[in-house]
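Sequential numbering of the sequence shown, starting at 1, is according to full-length UniProt numbering. Glycine residues also receive a C-beta, built at the ideal position from the N, C-alpha and C atoms. Predicted, not measured: the structure shown is a model, and the values here were computed from it.
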Amino acid sequence: MTISTSPKSPLSLEPATLKDIPALTELWYNAFRNSPIIAIWPDTPGVHQWWNEANTHDMLHKPGEKYLKIVDTQTRRIAAYAKWSLESAEERGRRFPAWHSDMNAQGNEEFLENMETGRDRLVGGRKNFYLDMIATHTEYRKMGAARMLIEWGCAVADREGAAVYIDASQQGRPVYEKFGFVDFSDERSAAAGLASMVDVSYLAYFAT
């Protein structure tokens, strides 16, 4: 994986490593502290540790899961990160480990099933990649960090001839529309506050 940067920006795209994991967890909670998604992953020490262990496991044992970080080259702070799943749901296996006792296991299973069903409905049976997670620190928003992370995965998908599927929040949907993603949510996804989105290059499939 190459490192990408711009001479006009202090931000650099780099592979994330095991030593970055605690910082990624803290960044996630900074990015989503005012989001309803906190109900799924409560801000408790136990759930922070759950995230650390889950991401450590995937970095070590799931080579198709690619972790990227955007680094401020002037301070070396991590400004944003993403987890791209460059494999199908079947190849990846279960997305998350057993839920922590601080979580609502039944509610989380229903939420996870909703996302998995949306992906299967829209791109199941065809080669597809998934933007599993993306988060930008509040101090680095509107600086192009998310764009760098999204464009990386889309470029890989283009080279591999894969569709890209995203479970966006309804609030985040307009961001992905700027990158050519189209919302194909059904009633179930919309009721859960999700936007089931596929990249525009895949639209020919829906026309057939």
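Please go through the same chain and pick out, in chain order, the residues whose beta-carbon is closer than 6 angstroms to the beta-carbon of residue i, but skip the five residues on each side of it.
i	result
T2	Note that T2 scores 44 on pLDDT, short of 50, meaning its location in the model is unreliable; the coordinates nonetheless yield the value given after this. Taken in chain order, the list of residues that qualify is empty.
L194	D167
L24	Y81
H100	G46, V47, W50
D132	K83, S85
W41	V47
D58	E65
Is the distance from the Cβ of residue i to the Cβ of residue j below 8 angstroms?
i	j	result
residue 215	M197	Residue 215 lies beyond the stretch modelled for the chain, which goes from 1 to 208, so this question has no answer here.
L13	I70	yes
M103	V175	no
A31	T136	yes
V164	G172	no
F184	L122	yes
A89	E116	yes
From the options, pick the residue whose C-alpha is nearest to that of residue i; which is it?
i	options	result
N108	R95, D120, R119	R95
T73	G93, A145, R173	A145
E87	Y130, D120, H57, P97	Y130
K66	A157, T138, E187	A157
P97	L27, N34, E53	E53
P63	N114, S85, W51	S85
R159	E90, Y140, A39, K127	K127
residue 223	M59, R188, K142, Q49	Nothing about residue 223 can be reported from this structure: the residues present for the chain run from 1 to 208 only.
L68	F111, L11, G118	L11
D186	R119, M59, E139, E177	R119
Y140	W50, W41, T75	T75
R92	H61, Q106, S35	H61
Going by DSSP, what residues sit across from residue i in a beta bridge?
i	result
P15	L68
D199	F181
L194	S169
M115	Answer is none; M115 lacks a bridge partner.
N128	A163
T136	A80
Looking only at its own chain, which residues have a Cβ that is under 8 angstroms from the Cβ of residue i, when we skip the five neighbours before and after it?
i	result
I134	A80, Y81, A82, K83, A146, L149, I150
T56	L18, I21
Q170	A190, G193, L194, A195
I37	S169
Short of 7 angstroms in beta carbon distance, which residues of its chain neighbour residue i, apart from the five on each side in sequence? Order them along the chain.
i	result
Y29	D43
residue 257	The shown model of the chain, from 1 to 208, leaves out residue 257, and the question about it has no answer.
L27	I78, Y81, A135, H137
In the stretch 53 to 99, which residue ranges form an unbroken beta strand (DSSP E) of at least 3 residues, counting only runs that do not cross its ends?
65 to 72, 78 to 85
Mind listing, in chain order, the continuous alpha helix (DSSP H) runs of no fewer than 4 residues lying wholly within the stretch 15 to 46?
21 to 32
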